[in-house]
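I have placed the structure first, in the form of structure tokens, so that the comments after it can refer back to it.
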Amino acid sequence: MAEIPEAHATAAAQNAPRIGSDPDEPTPAEMLALLESQQRRVDSALLAPIPWLYGIWGTAWLVGFLVLWSAWPGGNPWFRIPGAVAGWTFALLLAASVVASAIFGMRINAGVRGASDFPGAVYGISWSLSGFAFAALGIGLISNGLSPELASVYFPSAYGLMAGTLYLGGAALWRSRSQLVLGIVLLVVGSVAPFAGQPGNNLVLAIGGGGSFLVGAVVTAIGLRRARG
Amino acid sequence: MELDPVIHAAARLRMTATLARIPVGDRISFPRLQELLDMTAGNLSTHLRKLEDAGYVEVYKTHSGRTPVTYLALTTTGRRAFEDYTQALTSLLDGQDGQDGQR
Chain V
1 MAEIPEAHAT AAAQNAPRIG SDPDEPTPAE MLALLESQQR RVDSALLAPI PWLYGIWGTA
61 WLVGFLVLWS AWPGGNPWFR IPGAVAGWTF ALLLAASVVA SAIFGMRINA GVRGASDFPG
121 AVYGISWSLS GFAFAALGIG LISNGLSPEL ASVYFPSAYG LMAGTLYLGG AALWRSRSQL
181 VLGIVLLVVG SVAPFAGQPG NNLVLAIGGG GSFLVGAVVT AIGLRRARG
Chain Z
1001 MELDPVIHAA ARLRMTATLA RIPVGDRISF PRLQELLDMT AGNLSTHLRK LEDAGYVEVY
1061 KTHSGRTPVT YLALTTTGRR AFEDYTQALT SLLDGQDGQD GQR
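Going down the list, the sequences are from chains V and Z. The opening residue of the first sequence carries number 1 in my numbering; numbering runs sequentially from there. The opening residue of the second sequence carries number 1001 in my numbering; numbering runs sequentially from there.
Below you can see the structure in the form of structure tokens.
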């Protein structure tokens, strides 16, 4: 669709000849402005839950990995959290985020059914399936003698790489630039984190991963607010 | 230039503009459409009937449990009519710019 600057549209609207004889009939410029503002409104309404999703996951990653980092010797220099408490906190944050994002995720495209149902459902299920697969691999490695230290290198990175890959899929499905950027960042964060050593890898995931989600939340929120006008 | 009278009314233009944003193959529920347009159910129904009579909108009635739900989508004709309308608007504006020497 051709885009015309708003100021131009308004000026044109004032000078424009009327199409019909009715003086109350809107001018083409007024109609085009109405059309464009309605479509911007629809786009932002359908995508409104996205900043919330990023915000929820950003908080979970930031707090969760900081808590894990604080549980290991050589981690947080200010205070130490008992390992069991850290593990449960992380698990609870993850579970809460899964529930919250399922609720918010349903609001994206709420009331829209049809051809997009299948890709949407497959994408949703991909998260659970991949989550189980990567967890099973970790448990398999542990049962083959992987030490707790190395397991705490494997799990955070596996999780980061899984999320990064899935966001790339989401970017392709919905032509979403924010998911593309997030996917690449998470792949980088997940693959470089082990080089920070253990438990520093958790800090890399907290700041790099959690931070990126939170930046994504702010950027998409600003974009949607602008679209709403 | 003739502008399609079925679309050339504020309410129906907003409705077709909204429906055109729903991807081909998808449908939107009546309540969600109403929410996106901020129109009363009665007003929306009246204008929907005009779009349906023109063959621009297809209405699908289904059930969610026991509750009847209506889904709506632009037909191929409706989508084409909306594109033609948009194009007609822009070319009218372009023509007008040419006369005014604004561009």
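Beta carbons are placed, not taken as given, at the ideal position from N, Cα and C, and that holds for glycine. This one's a predicted model, so the numbers in the text were calculated from it and none came from an experiment.
- Item | chain V contact for Z/Pro-1031 (CB, 8 Å cutoff) | yes
- Cα separation between Z/Pro-1068 and Z/Ser-1029? 11 Å
- Message: I'd like to confirm the pairing. Which residues does DSSP put opposite Z/Tyr-1071 in its beta bridges?
- Response: Z/Ser-1029 and Z/Tyr-1060
- Task: Pull up the DSSP beta-bridge partners for V/Arg-113, would you.
- Result: DSSP lists Z/Arg-1027 as partners of V/Arg-113.
- 6 Å CB neighbourhood of V/Ala-13 in its chain, flanking five on each side removed: Per-residue confidence for V/Ala-13 stands at a pLDDT of 44, beneath the threshold of 50, marking its modelled position as unreliable; no derived number is given.
- Task: Check V/Gly-145 in the structure and name its three-state DSSP category.
- Result: The DSSP-derived three-state label of V/Gly-145 is coil.
- Message: Quick test of the definition: if touching needs 3 or more C-beta pairs under 8 Å, does the stretch 49-62 of chain V touch the stretch 214-224 of chain V?
- Response: yes
- Query: For the alpha helix (DSSP H) that V/Phe-65 lies in, which residues bound it at each end?
  - Reply: Start and end: 50-69.
- Which stretch, first to last residue, makes up the alpha helix (DSSP H) that contains Z/Leu-1003? Element bounds for Z/Leu-1003: n/a, residue is neither H nor E.
- Query: Taking Cβ positions, are Z/Leu-1089 and V/Leu-34 nearer each other than 8 Å?
  - Reply: no
- Task: For V/Gln-198, count neighbouring Cβ atoms within 10 angstroms of its own Cβ and tell me buried if that reaches 16, exposed if not.
- Result: buried
- Residues, ordered as in the chain, of the stretch 90-120 of chain V that lie near chain Z by beta-carbon distance below 7 Å: Ala-110, Gly-111, Val-112, Arg-113, Gly-114, Ala-115 and Ser-116
- Can V/Pro-156 and V/Leu-205 be called in contact, C-beta distance under 8 Å? By the CB criterion at 8 Å, V/Pro-156 and V/Leu-205 fall inside the cutoff.
- Alpha-carbon to alpha-carbon, V/Val-181 and V/Pro-73: 33 Å
- Members of the stretch 133-151 of chain V that neighbour chain Z once the beta carbon cut-off is set at 8 Å: none
- Three-state secondary structure (DSSP) of Z/Glu-1083: helix
- Task: Pick helix, strand or coil for Z/Thr-1040, following the three-state DSSP scheme.
- Result: coil
- From Z/Thr-1076 to V/Phe-134, what does the alpha carbon distance come to, in whole angstroms? 44 Å
- With distances taken Cα to Cα, identify the nearest neighbour of V/Ser-101 among V/Arg-80, V/Gly-124 and V/Leu-214. V/Gly-124
- Query: Should Z/Pro-1023 be flagged as near chain V, meaning a C-beta pair shorter than 8 Å?
  - Reply: yes
- Message: For a test of the three-state rule: what should DSSP assign to V/Pro-194, helix, strand or coil?
- Response: helix
- Message: Does chain Z have any CB closer than 8 Å to the CB of V/Ala-217?
- Response: no
- Message: Please state whether the Cβ-Cβ distance between Z/Tyr-1085 and Z/Leu-1003 is less than 8 Å.
- Response: yes
- Beta-carbon of V/Leu-32 versus every beta-carbon of chain Z: anything under 8 Å? yes
- Query: Looking at the C-beta of V/Val-42, does it have a partner C-beta in chain Z at a distance below 8 Å?
  - Reply: yes
- Within its chain, find whatever has a CB closer than 6 Å to the CB of V/Phe-65; leave out the 5 residues flanking it on each side and keep chain order. Asn-202, Leu-205 and Ala-206
- Query: Is there a Cβ from chain Z that is less than 8 Å from the Cβ of V/Ala-196?
  - Reply: no
- Query: In the structure shown, what three-state DSSP assignment does Z/Ile-1022 receive?
  - Reply: coil
- Range covered by the alpha helix (DSSP H) that runs through V/Asn-201: Where V/Asn-201 is concerned, the enclosing alpha helix (DSSP H) stretches over 200-204.
- Query: Between the Cα of Z/Lys-1061 and the Cα atoms of Z/His-1008, Z/Arg-1027 and Z/Arg-1014, which residue gives the shortest distance?
  - Reply: Taking only the C-alpha atoms, the option nearest Z/Lys-1061 is Z/Arg-1027.
- Query: Do you know whose CA, among Z/Val-1006, Z/Asp-1038, Z/Leu-1092 and Z/Phe-1082, lies nearest Z/Ala-1017's CA?
  - Reply: Among Z/Val-1006, Z/Asp-1038, Z/Leu-1092 and Z/Phe-1082, the Cα nearest to that of Z/Ala-1017 belongs to Z/Phe-1082.
- Query: From what residue to what residue does the alpha helix (DSSP H) around V/Gly-223 run?
  - Reply: Residues 211-228.
- Message: Whether or not the stretch 1004-1011 of chain Z and the stretch 1040-1051 of chain Z are in contact is what I'm after, with contact meaning three or more pairs of Cβ atoms, one per stretch, closer than 8 Å; do they touch?
- Response: yes
- Task: Please classify Z/Arg-1103: does DSSP put it in a helix, a strand, or coil?
- Result: At Z/Arg-1103, the pLDDT of 41 sits below 50, so the modelled position is not reliable and the matter cannot be decided from this model.
- Specify the secondary structure class of V/Thr-27 as computed by DSSP and reduced to three states. coil
- Message: As a quick exercise: from V/Arg-225, V/Leu-93 and V/Val-189, pick the residue whose alpha carbon is nearest that of V/Gly-211.
- Response: Selection V/Arg-225, V/Leu-93 and V/Val-189 evaluated against V/Gly-211 yields V/Val-189 as nearest (Cα-Cα).
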